[in-house]
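Undergrad:
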Amino acid sequence: MGFFSPEIGIDLGTNNVLFYVANKGIVLREPSLVIVSGGEKRVVQAVGEEARQLLGRMPQGFRAVWPIHEGVIADFDLAASMLRYFIRRALGVNYVGKPRTVLTIPAGVTSMERRAHEEALMRAGGKLSYIVDGATASALGCGLPCYEPQGSMIVNIGGGTTEIAVISLGAAVVGKSLRIGGNALDAAIAAYVKKEKNLLIGDRTAEDVKIDLGSAVAPAETQKAMMRGRDVVTGLPRTAALDTDEVYEVLQEPLREIMSAILWVLERTPPELGADVMRSGIYLTGGVSQLTGMDQFIAAETGIPVQVARNPLDCAALGAGYLASNLELLSRIGKNHPLTE
1488 MGFFSPEIGI
1498 DLGTNNVLFY
1508 VANKGIVLRE
1518 PSLVIVSGGE
1528 KRVVQAVGEE
1538 ARQLLGRMPQ
1548 GFRAVWPIHE
1558 GVIADFDLAA
1568 SMLRYFIRRA
1578 LGVNYVGKPR
1588 TVLTIPAGVT
1598 SMERRAHEEA
1608 LMRAGGKLSY
1618 IVDGATASAL
1628 GCGLPCYEPQ
1638 GSMIVNIGGG
1648 TTEIAVISLG
1658 AAVVGKSLRI
1668 GGNALDAAIA
1678 AYVKKEKNLL
1688 IGDRTAEDVK
1698 IDLGSAVAPA
1708 ETQKAMMRGR
1718 DVVTGLPRTA
1728 ALDTDEVYEV
1738 LQEPLREIMS
1748 AILWVLERTP
1758 PELGADVMRS
1768 GIYLTGGVSQ
1778 LTGMDQFIAA
1788 ETGIPVQVAR
1798 NPLDCAALGA
1808 GYLASNLELL
1818 SRIGKNHPLT
1828 E
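Residues in the sequence shown are numbered from 1488 upward in steps of one, following this note's numbering.
1) Tell me which residues share the same chain as L1760 and place their Cβ nearer than 7 angstroms to its Cβ, disregarding the 5 neighbours each side in the sequence.
2) Taking 7 angstroms as the threshold (beta carbon to beta carbon), is Q1710 in contact with chain B?
3) Does the structure place the stretch 1719-1735 close enough to the stretch 1611-1621 that three or more beta carbon pairs sit under 8 angstroms?
4) Quick check: what's the CA-CA separation for H1556 versus G1621?
5) Straight-line CA distance for V1534 to T1692?
6) Excluding five sequence neighbours on each side, which residues of the same chain lie with their C-beta closer than 6 angstroms to the C-beta of A1566?
7) Could you tell me the alpha carbon to alpha carbon distance between P1841 and S1776, rounded to whole angstroms?
8) Nearest by alpha-carbon distance to W1751: which of A1712, N1502, E1650, R1529 is it?
9) So for P1741, helix, strand or coil by DSSP?
10) Quick check on D1730: buried or exposed, where buried means 16 or more other Cβ atoms within 10 Å of its Cβ?
11) Return helix, strand or coil for Q1794, following the three-state DSSP convention.
12) Does the Cβ-Cβ distance between A1804 and L1505 come in under 7 angstroms?
13) Measure the Cβ-Cβ separation of I1495 and V1508 and say whether it is below 7 angstroms.
14) Would the stretch 1777-1791 count as touching the stretch 1743-1750 if we require 3 or more Cβ pairs under 8 angstroms?
15) So the candidates are G1628, L1771, L1742, V1795; which of them puts its Cα closest to the Cα of R1666?
16) Between the Cα of E1605 and the Cα atoms of L1520, I1618, G1525, G1669, which residue gives the shortest distance?
17) Go ahead and pull the three-state DSSP assignment for T1588.
18) Can you name, in chain order, every residue of its own chain whose Cβ lies under 8 angstroms from the Cβ of E1536, other than the five neighbours on each side?
19) According to DSSP, which residues form a beta bridge with R1717?
20) Comparing alpha-carbon positions, which option in T1501, A1762, D1718 lies nearest T1591?
21) Since K1697 and L1723 are thought to touch, with beta carbons under 8 angstroms apart, how far apart are those beta carbons, to the nearest angstrom?
22) Note the first and the last residue of the continuous alpha helix (DSSP H) segment covering S1610.
23) Measure the Cβ-Cβ separation of P1632 and P1493 and say whether it is below 7 angstroms.
24) Just reading off the beta strand (DSSP E) that P1641 is part of, what are its end residues?
25) I'd like to confirm the pairing. Which residues does DSSP put opposite A1533 in its beta bridges?
26) Quick check: what's the CA-CA separation for G1768 versus Q1739?
27) With H, G and I counted as helix, E and B as strand and the rest as coil, what does DSSP make of I1785?
28) Applying the 10 Å Cβ sphere with the 16-neighbour rule, what's the burial state of L1778?
29) One question on the structure: do R1717 and T1726 come within less than 7 angstroms of each other, judged by their Cβ atoms?
30) Which residue from Y1634, C1802, D1782 puts its Cα closest to that of L1816?
31) Could you check which residue in G1548, G1543, D1699, S1664 has the C-alpha nearest to that of V1596?
32) Report yes if the C-beta distance between N1685 and G1646 is below 7 angstroms; otherwise report no.
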């Protein structure tokens, strides 16, 4: 890695941002969250992990903003500010020149959304080498033979998006991108608790319930947990119990949507590549891949072996970093082979 032109891969996710720096590996993993104060002229008070620590504990006039929504930039100015802060954190203040960067975005974004990513990165001080879809980056990051003439299937389920693709010769042959992910599972839990338990719970509590009690397959034994929230009627703090059977039922609807998209991709995969996928299996990456029984759920529905990648949260950043260090590969993927809508 040249001192004057560091190579970095960025996985710009709805919930988290990961930075890979050549020869160093993943150097930064922070929530994609900004705390601001003020009215129209917003002042950034905290970014990333520091901002997460302030959630729910902020004085009046402060508010939390997630600049990335469903995998794309929703607040351009704050996304650029956040990226600038993270680039400095990842590289230190002594680097010279603009870092060569590969950035992941969901497949199927509009040209305007794509342009917003390019401009935010340039404003943040990066020199954009390439934008790559999250499925291809994840497949590279988990070590699949993407550049071989054989089919590799990846299912990358992040916080705001799910990306599914069958990749061969460095490009997605067929794929689908859904704007649904781990956050949709959390929202389903929160909505159920409000309706059935008359209790309002926050995003973090819903996520904790998903992690502790959530399962993609019917739980073998029922477990219960208590959660704290605010009573819908009285407005006072209260606790309520929730069990694994309830959470399993709640998660079925969003998981079925993801399953439908996986089957859609398989139905449209050419027979030769489909045979490769049957042999090599489906690879799962992203946070939701760690949901209890997620691999069994997909395997049971498709009849294909399913494997969770070794570092499922890191794969997209690792793949982007690999491409940043091997720019000659970039001409062989992406723009000429967009994912199927």
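We treat Cβ as the ideally placed atom computed from N, Cα and C, and that holds for glycine.
Quick caveat: nothing in here was measured; it's all calculated off a predicted structure.
TA: In short, the structure shows the following:
1) Contacts found: G1638, V1653, S1655, V1660.
2) In the structure shown, chain B does not exist; there is a single protein chain.
3) No contact exists between the stretch 1611-1621 and the stretch 1719-1735.
4) Cα to Cα, the separation comes out at about 15 angstroms.
5) Each residue's alpha carbon lies about 21 angstroms from the other.
6) So the list reads P1554, I1560, A1607, once near-sequence residues are dropped.
7) Outside the modelled stretch of the chain, which goes from 1488 to 1828, sits residue 1841, for which no answer is possible.
8) Distances from the alpha-carbon of W1751 to those of A1712, N1502, E1650, R1529 put E1650 closest.
9) In the structure shown, P1741 sits in a helix (DSSP, three-state: H, G or I).
10) The residue is exposed, with fewer than 16 neighbouring Cβ atoms inside 10 Å.
11) Reduced to three states, the DSSP call for Q1794 is strand.
12) Yes.
13) For I1495 and V1508, yes; Cβs fall inside 7 angstroms.
14) Taking 8 angstroms as the limit for Cβ pairs, the verdict is that the stretch 1743-1750 does touch the stretch 1777-1791.
15) Nearest C-alpha to R1666: L1742.
16) Cα-wise, what sits closest to E1605 is I1618.
17) Correct three-state label for T1588: strand.
18) Excluding the 5 residues flanking it on each side, E1536 has same chain C-beta neighbours closer than 8 angstroms at E1517, P1518, in chain order.
19) L1687, P1724, per the DSSP bridge assignment.
20) Just measuring C-alpha positions, the residue of T1501, A1762, D1718 sitting nearest T1591 is T1501.
21) Wrong, their Cβ atoms sit about 25 angstroms apart, outside the cutoff.
22) Sequence inspection shows Arg at residue 1610; the Ser mentioned does not correspond to that position. For R1610, the enclosing alpha helix (DSSP H) stretches over residues 1598-1610.
23) With respect to P1493, P1632 sits apart: the two C-beta atoms are not nearer than 7 angstroms.
24) Strictly speaking, residue 1641 in this sequence is Ile, with Pro absent from that position. 1639-1644 is the span of the beta strand (DSSP E), which, as asked, contains I1641.
25) Looking at the DSSP output, A1533 sits in a beta bridge with I1522.
26) The alpha-carbon atoms of G1768 and Q1739 are separated by roughly 23 angstroms.
27) Secondary structure of I1785 (DSSP, three-state): helix.
28) Buried, because 16 or more other Cβ atoms sit within 10 Å of the Cβ of L1778.
29) In this structure, T1726 does not lie closer than 7 angstroms to R1717 by Cβ.
30) Per the Cα distances, Y1634.
31) The shortest CA-to-CA distance from V1596 to any of G1548, G1543, D1699, S1664 is the one to S1664.
32) Going by C-beta atoms, N1685 is not nearer than 7 angstroms to G1646.
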